[in-house]
Each structure stands twice: as structure tokens, then as C-alpha cells.
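Inspection log for the structure reproduced underneath, given as C-alpha cells.
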Amino acid sequence: MANPITHCLERLNLADNVKVKQRAEQFQGQLSGIPSKIFDKGPNLKSVVCIQLAYESLKNYDWDIKLGAQLAGCSLSAYESALSIVRQQLNLQSKVTLDMLAVALGSTTMLTHVNALWQDFTTSYLNKLTGAKKTNGQKELEDSCWKGAVMYICAKAFGKNLDKDKLHSLCGCTTSELTKSIKVIRATSSKKIAALKNESTSAGRSSRRKRRDSVPVQEEKENKEEGNQKEGDIKKVKKVKTTPKTIKPISGIVSMINHQDYLRTKRYADYQKWRSNLIHHLTTTI
């Protein structure tokens, strides 16, 4: 029987990636202690989960979780559930930082605002807890889904939509975990989020105003350059001297009428033909 990992790697166009294959097989060996019923939702579920863990362990962040679930032969929720259980069993919970997410998502320009929102949320969230709950809350906030949620909300405040599938794949969490974290942060830091939206709106207006103010200056400059160019063209025209045309000497009444050489007229050609015919007739009859 063919190795299911090899088969899945071929379907994912990763058959030539030796490192991913070796590491996926290592993860598969570590899953022997996990009940087989965890992977009974799809025929390739176990193999694809091992491949994803191997792929991510090699610092690759573009895994398509929907494609993974499709190849595993199960629903997306079943795939995410199995993946989450495996991460917990193998202690593979991703320790993602805001800097890492910003770089992976191409959102480094808003990193300052993301850090500010994170600080506001964690402070407000922990201040509501006391005793053992506060200690558990601090440990809970170490989960990567919270940082992914902060990144998503901040991007939304600035009018950008991040791909949730890519985001929770980077964070190593399920869609439901990410969605739950987003709701908690929005409820806890509503004022800070509103302030970010206002800041985004103000920045957009300022940018549009600058562009609008720069248009008349640019038009004036272009008009001035166009005027200088036209003036230069006029000067060039004035400096150009017309060259006198040479008229060939012509003669004959026909030439005087339409300025045409009479030797090239139809009348002269007819005359030549008549003359030739007449001479030929005279020479043959005499």
C-alpha cells in the first residue's frame, strides 16, 4: 500500500520537498498515543495534519487550510478540531508575536497602532479579574489567537480586511477561537477601537486635502510650461525662412493656361499620332 503522506504531498505539489516529507513522517510517529477516533472524520485527515505541522515548522506561513481540509476528506471544522487537539497533545501551540504577524501579513505600517490596542486590551481585560482568575487570564492571553484578533480588529479600523483563514493558520488556532477572541476584544476595548477609526478617518481626510491642494499648483506649473513651450514654438516659426520655389520655363498657349508643358499634353500626342499616320500613308501610296 502506498504511503498516504507521499500521496498527499503529491496532491499538494510538495512531493519534491524532502524536508517536509521527513518531518511529516516524524510527526506521524508521535501521533501513536492519540486516539484514532480523532482522525476518523476523513480518510487522509491524519496525514494532512502531519504535513501541515511539518510545513509550518519549517517557517512556511502560506498554508491553505481549506485546501488541506478538502484533501483530508472532511469538513473545515472537523479538520480544525483535529489540528487543535494534535497541537495540544504535542505541545505545539504557536508562540506568535505581533511583529511576526505584521511581517507575514504585510501590515508593518500599522504595527504601532496594533501594539497600542494590545496594551489597552490586556490592561483592561486583566483589571477586571482578581486572584486565580487573573493568573489564568494572563496565561490565557499567551494564546496566539488573541494577537491574531488584535491584528484583525486594528486592520478593520483602518479599512483593511485581513484573510481570516490565513490569520488563524498563522496563529495555529481554529476559526471559532479567533472569532471568539475578536468579540471579547471588541467588547473590552470599544473606546480604543473607536479612537483608531477616528484617527484613520482624520488621516484619510488630511491625505485627500493635501492631494486636492496640490492639484492647482501642479496645473499652474503645467500651464506655465505649456505657455513657455508655445512661445518657443512661435519664435521658431518666425525664424524659419521660406525657400523660393523654382519654376521651370514653359511655352505654348496650353502651358500658359494651366502651367503644363505642351509637349506632354493629349493634344500634342494626338498631333504626333496624326502626323505619323499621314507620313505613313503618303509613303505607301506614292
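The opening residue of the sequence shown carries number 1 in the UniProt record's numbering; numbering runs sequentially from there.
All C-beta atoms, glycine included, are put in the ideal place defined by N, C-alpha and C.
When C-beta atoms of the stretch 111-129 are compared with those of the stretch 79-87, fewer than three pairs fall below 8 Å, so the two segments do not count as touching. Counting the other CB atoms within 10 Å of its CB gives glycine 29 a total below 16, which places it among the exposed residues. Contact between alanine 157 and lysine 95 is ruled out by a C-beta separation of about 26 Å, above the 8 Å threshold. In the three-state scheme derived from DSSP, where H, G and I count as helix and E and B as strand, leucine 178 is classed as helix. Under the DSSP assignment, asparagine 91 falls outside any alpha helix (DSSP H); it carries neither an H nor an E label. In this structure, cysteine 74 lies away from serine 47, with their beta-carbon atoms at least 8 Å apart. Per the Cβ contact rule, the stretch 170-181 is in contact with the stretch 129-146 (3 or more Cβ pairs under 8 Å). DSSP places arginine 275 inside the alpha helix (DSSP H), whose first and last residues are 266-285. Here DSSP, grouped into helix, strand and coil, assigns tyrosine 152 to helix. In terms of Cβ geometry, alanine 149 and isoleucine 193 do not form a close pair [threshold 8 Å]. Taking the Cα positions, arginine 267 is about 10 Å away from lysine 273. With a contact defined as Cβ atoms closer than 8 Å, isoleucine 51 and isoleucine 5 qualify at about 7 Å.
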